[in-house]
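Q:
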Amino acid sequence: MMDENSPVFAIAVAAELAAMHPQTLRQYDRLGLVSPRRTAGKSRRYSMRDVVQLREIAALSAEGLNLEGIRRILELENQVVALSSRVQELEHALAEELLNRSGRRVFAAGSAGDVVSLRPGTRTHRANELVVWRP
1 MMDENSPVFA IAVAAELAAM HPQTLRQYDR LGLVSPRRTA GKSRRYSMRD VVQLREIAAL
61 SAEGLNLEGI RRILELENQV VALSSRVQEL EHALAEELLN RSGRRVFAAG SAGDVVSLRP
121 GTRTHRANEL VVWRP
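Taking UniProt numbering, the leading residue of the sequence shown gets 1, the next gets one more, and so forth.
1. With a cut-off of 8 Å on the beta carbons, I'd call D29 and P22 a contact; round off their distance for me.
2. From the DSSP output, in three-state form, read off L33 for me.
3. For F9, does the count of other Cβ atoms within 10 angstroms reach 16, so buried, or fall short, so exposed?
4. Return yes when the Cβ of I70 is within less than 9 Å of the Cβ of L17, no when it is not.
5. Is L65 helix, strand or coil when you go by DSSP?
6. For R38 versus A14, is the C-beta distance shorter than 9 Å?
7. Among D114, A108, V131 and E129, whose alpha-carbon lies nearest the alpha-carbon of R123?
8. Am I right that E4 and R49 are in contact with their C-beta atoms under 8 Å? What's the rounded C-beta distance?
9. Using a Cβ-Cβ cut-off of 6 Å (strictly less than) and excluding sequence neighbours within five positions of L60, which residues of its own chain qualify?
10. With respect to the beta strand (DSSP E) encompassing L118, which residues constitute its N-terminal and C-terminal limits?
11. Here's the rule I'm using: 16 or more other beta-carbon atoms within 10 Å means buried, otherwise exposed. How should V106 be labelled?
12. So the beta strand (DSSP E) V106 belongs to, where does it begin and stop?
Next comes the structure, spelled out in structure tokens:
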């Protein structure tokens with residue numbers, strides 16, 4: 001199955017998809033802006049994610065950013081993607097742990113404002129009386 005990270009495009013195809021010259025892609029590889037995977041014969045293979053990143057580099061460059069600024073922006077964006085993925089993993093693990101944990105404790109506020117421990121599956125009884133206050 002192919003996903004956005006599968007290295008499938010040769011440099012000529014990736015350059016055409018990104019609307020750039022192949023030599024520009026080589027320069028960006030040397031600078032570390034885009035790092036395509038290599039085949040056994042050392043030729044570059046670009047993924048769809050690499051092509052999208054090349055387009056983003058072109059857009060940022062057109063806005064007047066220098067290559068070092070673009071490199072830093074891409075580095076930070078990649079960190080955000082990695083951290084977001086990690087947060088999702090941790091949230092999933094926490095949810096699984098909470099569902100599988102026995103003896104979960106449930107708390108509610110008592111009538112006097114104190115904390116009351118409840119058995120799982122029970123609810124507190126709410127008073128539904130009407131109180132009229134007249135000073």
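Where a beta carbon is used, it is the ideal one built from N, C-alpha and C, also for glycine. This one's a predicted model, so the numbers in the text were calculated from it and none came from an experiment.
A: The structure says:
1. Translated into positions along the sequence shown, residue 29 becomes position 29. Translated into positions along the sequence shown, residue 22 becomes position 22. So it is not a contact: roughly 11 Å between Cβ atoms.
2. Walking along the sequence shown from the start, residue 33 turns up at place 33. In this structure, L33 counts as coil in the three-state DSSP scheme.
3. The residue labelled residue 9 in the question sits at position 9 within the sequence shown. Label assigned to F9: buried.
4. Locating residue 17 in the sequence shown gives position 17, counting from the first residue. Locating residue 70 in the sequence shown gives position 70, counting from the first residue. With respect to the 9 Å criterion, L17 and I70 are not classified as neighbours on the basis of their beta carbons.
5. As a position in the sequence shown, residue 65 is number 65, starting the count at 1. In this structure, L65 counts as coil in the three-state DSSP scheme.
6. On the sequence shown, position 38 is the one that residue 38 refers to. On the sequence shown, position 14 is the one that residue 14 refers to. No. Outside cutoff.
7. Within the sequence shown, residue 123 is the residue found at index 123, counting from 1. Per the Cα distances, A108.
8. Residue numbering aside, residue 4 sits at position 4 when the sequence shown is read from its first letter. Residue numbering aside, residue 49 sits at position 49 when the sequence shown is read from its first letter. Right, their Cβ atoms sit about 5 Å apart.
9. Working through the sequence shown from its first residue, we reach residue 60 at position 60. Taken in chain order, the residues that qualify are I70.
10. The residue you call residue 118 lines up with position 118 of the sequence shown. L118 -> beta strand (DSSP E) spans V115 to L118.
11. Here residue 106 corresponds to residue number 106 of the sequence shown, with the count starting at 1. Label assigned to V106: exposed.
12. Within the sequence shown, residue 106 is the residue found at index 106, counting from 1. Here the beta strand (DSSP E) through V106 covers V106 to A109.
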